[in-house]
Amino acid sequence: MADRLTVVVGISGGIAAYKAVGVVRLLVKAGHDVHVVPTPAALQFVGLPTLEALSRNPVTASLYDDVAAVRHVALGQAADLVIVAPTTANTLAKLATGLADDLLGTTILATKAPVVVAPAMHTEMWQNAATQHNVEVLRSRGVTIVGPESGQLTGADSGPGRMSEPEDIVAAALAILQPPTTPQDLAGLDVVVSAGGTREPLDPVRFLGNRSSGKQGVALAVAALARGALVTLVAAHLEVPVPVDARLTVVDVTTALSLSEAMTAAANRADIVVMAAAVADYRPVEVSDGKIKKETGDGTLTLRLVENPDILAGLTAARRPGQVIVGFAAETAADRDELVTLGRAKAQRKGADLLALNAVGWAQGFGTDDNTVLLLDEAGALVAEATGAKSAVADAVLTAALSVRASR
Ligand code: CTP
């Protein structure tokens, strides 16, 4: 990557335009030559003098300024990188269609540089089928989508739609121009990972849960990203941070049923599916609308539970041709022999291509940085063993999944 890049920062007209100022500042501070191209609407939110002062370059939203320099295409041609932050629903639609009725539109059509967009809009607009379609169109053209994050929006509402932080947008954009240091053996593959532990509500304040922190699942997502995959992380109550990455989609879930729904949808297009989440086998038959009161009786409480679907078995049964499915099994076993015996039976029962088997206990497996897994094939035979940091275990699991894929 050249030391000094020519970066076009497009800004479209949404409240998050004030945060675009941070994107411009970070790029200028890093020594890059930054040219801001606001849409006319963006100038309702942030002043042109601010943008000129911070970028240290002239700024216009008009197609008809500086015509002699053929400005409508010159900026796009000169750019090494184009970032559009925020990208409103309207600008997303225009980019997906290739409209060029303003300087930002012509600049983007004229560029061969990587384009990064950071959407920002209200949740309903983001989730609208038209917007999601536009995002897919842009993604299929190689445009990098950063965010949006989930959080407080402009009004009283909160949810997905908040623009990613300037630091994350700039980091994701600059990363595109860095040659990858890890072998890209998952490039072009779609990897879906479930992580964390499900929670089954009993009443508005209580749930049945488990001790999974999500560390191993997140390590799998991170490792897959580093190896070039497009990753969907189905996240159930993670206790660890999830990186912001343009190739990562995070779907938050709570219960086993919501995890099942998210995994079934994501697995539809996946090449590799890893069920690392700890799923509740049972959920309460009834969820009380009000807080369950302590009863005076014999001092015991009986909960009636109903079985949840076995998600892994369902995914395996619906496996698409060529897809590799990996399950995890946490067992409390007295020794390695018992662990392998339990694992073998489970591997055969679940029908996954690989089962990553690990021993757990009160002081083992959960929330720790290290892990030891035995990888069993569909028939229950031991094919690999990995021990060490959860990141190293993640790499071993992905490598084993790739070799199953290659053997097909
Ligand atoms: N799993 C699942 N759906 C469930 C329970 C578990 O998909 N309802 C998945 C887990 O994500 C994991 C694998 O199945 O990948 C094994 O989970 P585990 O809890 O060890 O298996 P169970 O079938 O619940 O067996 P056990 O009787 O040992 O609890």
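To convert a position in the sequence shown, counted from 1, into my numbering, add 1078. Positions of the beta carbon are idealized from the N, C-alpha and C atoms, including for glycine. Computed from a predicted structure; not experimentally measured.
Using DSSP's beta-bridge definition, name the partner residues of residue i.
i, result
"G1237", "G1229"
"D1022", "Residue 1022 cannot be examined here, being either before or after the span of the chain that is shown, 1079 to 1486."
"S1272", "V1312 and M1353"
"D1455", "L1432"
"P1116", "I1089"
"R1486", "Answer is none; R1486 lacks a bridge partner."
"V1384", "R1361"
"T1165", "P1197"
With residue i and residue j assumed to form a contact (beta carbons below 8 Å), what rounded beta-carbon distance in angstroms separates them?
i, j, result
"D1111", "T1084", "5 Å"
"L1432", "G1421", "Rounded, the Cβ-Cβ distance is 11 Å, inconsistent with contact."
"A1171", "A1208", "7 Å"
"I1403", "V1351", "5 Å"
"L1129", "V1106", "That pair is no contact at about 11 Å."
"V1320", "L1311", "6 Å"
"V1213", "G1154", "Actually they are not in contact, since the Cβ atoms of V1213 and G1154 sit about 21 Å apart, beyond 8 Å."
"L1337", "V1365", "Incorrect: roughly 17 Å between the Cβ atoms, too far for contact."
"G1292", "V1318", "6 Å"
"F1406", "M1353", "6 Å"
"T1394", "A1334", "Not quite, the Cβ-Cβ distance comes to about 16 Å (not below 8 Å), so this is no contact."
"G1109", "P1244", "With a Cβ gap of about 16 Å, G1109 and P1244 do not count as contacting."
Please tell me whether residue i and residue j are closer than 9 Å, where the distance is taken between their beta carbons.
i, j, result
"K1190", "V1283", "no"
"P1362", "E1278", "yes"
"D1448", "K1428", "no"
"E1385", "D1359", "yes"
"L1192", "G1220", "The sequence shown places Pro at residue 1192, not Leu. Cβ atoms of P1192 and G1220: closer than 9 Å."
"T1342", "A1396", "yes"
"T1259", "R1325", "no"
"L1480", "A1464", "no"
"I1186", "G1091", "no"
"L1126", "V1102", "no"
"R1305", "L1264", "yes"
"S1228", "S1236", "yes"
When you measure from the CB of residue i to every non-hydrogen atom of the ligand ATP, does any distance come out below 8 Å?
i, result
"D1388", "Ligands present in the displayed structure are limited to the ligand CTP, and the ligand ATP is not among them."
Any contact between the stretch 1265 to 1284 and the stretch 1333 to 1348? By contact I mean 3 or more CB pairs, one from each, below 8 Å.
Judged by Cβ distances under 8 Å, the stretch 1265 to 1284 makes contact with the stretch 1333 to 1348, as three or more pairs qualify.
Is it the case that the stretch 1095 to 1110 contacts the stretch 1118 to 1130, given that we only count it when at least three CB pairs across the two stretches are under 8 Å?
Flag = yes, the stretch 1118 to 1130 and the stretch 1095 to 1110 touch.
Cβ contact (3+ pairs, closer than 8 Å) linking the stretch 1321 to 1335 and the stretch 1367 to 1384
The count of Cβ pairs closer than 8 Å, one atom from the stretch 1321 to 1335 and one from the stretch 1367 to 1384, stays below three, leaving the stretches out of contact.
Tell me whether the stretch 1156 to 1169 and the stretch 1189 to 1208 touch, counting them as touching only if at least three CB pairs, one residue from each stretch, are closer than 8 Å.
Yes, the stretch 1156 to 1169 is in contact with the stretch 1189 to 1208.
Inter-stretch contact at 8 Å, needing at least 3 Cβ pairs: the stretch 1471 to 1480 / the stretch 1284 to 1304:
The stretch 1471 to 1480 is in contact with the stretch 1284 to 1304.
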